[in-house]
Every structure is written in structure tokens, then in C-alpha cells.
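Taking my numbering, the leading residue of the sequence shown gets 120, the next gets one more, and so forth.
Input: a single structure, listed below in C-alpha cells.
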Amino acid sequence: MNFGQWLGFFSLLISLYILWEIRQLVLLVFAAIVLATALNRLVQKFNRWGIKRNLAVIVTLSLATLIILLFLLLIVPPFTTQFQKLLALIPDVFTEVRSQLVQLYRQQPDLFPPPPSATDMLVQTQLLSTQLFSNFLRFF
């Protein structure tokens, strides 16, 4: 590969990285384009029925707002009540999981190794931080 091909390849990699970093914005822009296209088709359909464009835009936006409000009014209240019920059940789930783990430990005590002591964890943390710092310096 010559210099121009390498330059093009690296430019492609850089542009892909930039697109990956702004992917949320790109998805938002594409969603806006799709929504605008759908609303414009509805406005054009109203135009074919003899309604002026200004009024067709107002009617279309009013219909879209009404649909969003209906969605929020019909979906959100049951969702919040179900979510509250879920939050109320979480402590029961934790106690059930804990009791199952205790029962499993009683049946198979070899499956669970003893927890490390505080000094062992401190030594492991120091080794890990030293390795992380040296790799960080090696990277730059």
C-alpha cells in the first residue's frame, strides 16, 4: 500500500471512531428525519383533500400531539403501578435468593471458597493499581 492508501485508511478509521462517539446524536437526527417525512406525507395527503398547507400542518401537529398524549395517558399509569409493585417485591426476591444460597451452601460447602481477608484484598488492590499505572504509562 502506498502513502495515499494508508492515509485514506487512517482517515476512514478516524471517521468511524468519530461516528461511534456521536452515535446517539446520529440516531436522533435519523429519527427526526423519519418523523418529519411521515408528518410531511400526512400534510401532503391533507393538501390533496383540499386543505391549505398552513392548516394541514397545524392539524397534523395537533394529531401527533394528541396521539402522544393518549399514549402517555394510557401506558404510563399502568406502567408506574406495575413498577411500584416490582419495587415492593425486590426485598422478597433478595431474601429468597439468600435463603436459596444458604441452603445450597449447606448442601455443597465446597462450592463456595472462603472470602479473602482485608489484608489479602489490600495486597491485591496494590498490585492491581501498580500494574494499571505501569500499563497506563506504557500506553502513553
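Idealized CB from N, CA, C, for every residue including glycine.
- Around the C-beta of Phe122, fewer than 16 other C-beta atoms lie within 10 Å, and the residue is accordingly described as exposed.
- Per DSSP, Gln201 is one residue of the alpha helix (DSSP H) stretching across Arg172 to Gln226.
- In summary, Ala157 is exposed, with fewer than 16 beta-carbon neighbours lying within 10 Å of its beta-carbon over all protein chains present.
- Under the criterion of beta carbons closer than 8 angstroms, Phe165 and Ala175 qualify as touching, at roughly 4 angstroms.
- With contacts defined by Cβ atoms closer than 8 angstroms, Thr179 and Leu154 do not form a contacting pair.
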